[in-house]
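Each residue of the sequence shown is one higher than the last, beginning at 1 in full-length UniProt numbering. Beta carbons: idealized from backbone N, C-alpha and C, even for Gly. Structure, as structure tokens:
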Amino acid sequence: MVPAFLKALLLLALGSSFGYADTFNYGDRDGNLFLDLSISEAESNRREWGLVEPWTSDYISALEENRYGDAIWARYQMFGDTSNGTFLEYPQWTVREAIEEDAIGYRLHARDNWKYAMTVYANSSKDIQSDILDLMFDVNRRSYYRLFRDQYRLHKRFQQSEHVLPNCDCWKTAQDEVDSVLELK
1 MVPAFLKALL
11 LLALGSSFGY
21 ADTFNYGDRD
31 GNLFLDLSIS
41 EAESNRREWG
51 LVEPWTSDYI
61 SALEENRYGD
71 AIWARYQMFG
81 DTSNGTFLEY
91 PQWTVREAIE
101 EDAIGYRLHA
111 RDNWKYAMTV
121 YANSSKDIQS
131 DILDLMFDVN
141 RRSYYRLFRD
151 QYRLHKRFQQ
161 SEHVLPNCDC
171 WKTAQDEVDS
181 VLELK
């Protein structure tokens with residue numbers, strides 16, 4: 001889907017040690033929605049994760065200061081596959097839309113973790129990206145019917161963004177594919 005998503009899956013598959021003690025257990029992949037890297041993991045800056053600045057430092061400082069909206073915003077961008085709030089590979093897909101889609105998925109399918117996260121995020125302090133937590137609390141207030149409808153809408157929007165590449169001569173790309181198939185015959 002999105003390279004950051006694939007990197008997150010790699011992170012989940014590899015696992016790591018959780019030697020950092022926080023009140024909110026960052027890095028507990030089953031319990032803290034959106035904030036799956038601990039401060040110590042982000043500081044370790046493992047090469048295979050490809051973490052980039054300034055997002056990694058923003059993520060760490062936001063966690064240390066309990067600014068969870070800022071931490072979530074930085075988390076979605078610290079793998080280096082975004083620019084100006086959009087994904088490089090899918091320029092029509094914004095980071096905010098990705099966060100909303102994930103929030104809806106968590107609310108529908110990880111209800112206990114979602115409830116816990118909402119209690120923690122309610123204690124966030126002075127976020128610069130306060131709209132991210134506003135989005136979370138909005139998702140929390142939505143009816144299940146609306147959640148499923150919004151999930152479908154966002155999924156369709158992402159599918160549309162997959163077919164839009166910057167500076168792409170789609171006609172030429174399609175013709176090249178047809179030509180390569182004809183050469184094989």
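Proximity of Tyr59 and Arg46 at Cβ, strictly below 7 Å: no
What would DSSP say about Phe158, mapped onto helix, strand or coil? helix
Would you mind working out which of Trp73, Arg111, Asp127 sits nearest Val95, comparing C-alpha positions? Trp73
When Gly69, His109, Leu37 are compared against Val120, the one with the closest alpha-carbon: Gly69
Three or more beta-carbon pairs under 8 Å between the stretch 143-156 and the stretch 95-111, yes or no? yes
Taking the beta carbon of Asp127 as the centre, do at least 16 other beta carbons fall within 10 Å, making it buried, or is it exposed? buried
Out of Ser125, Ile104, Ala117, Ser130, state which residue places its alpha-carbon closest to the alpha-carbon of Ser143. Ile104
Do Leu33 and Asn140 have their C-beta atoms closer together than 7 Å? no
Distance, Cα to Cα, Phe137 vs Gly50? Cα to Cα, Phe137 sits roughly 31 Å from Gly50.
Residues that DSSP places opposite Thr119 in a beta bridge: In DSSP, Thr119 forms no bridge with anything.
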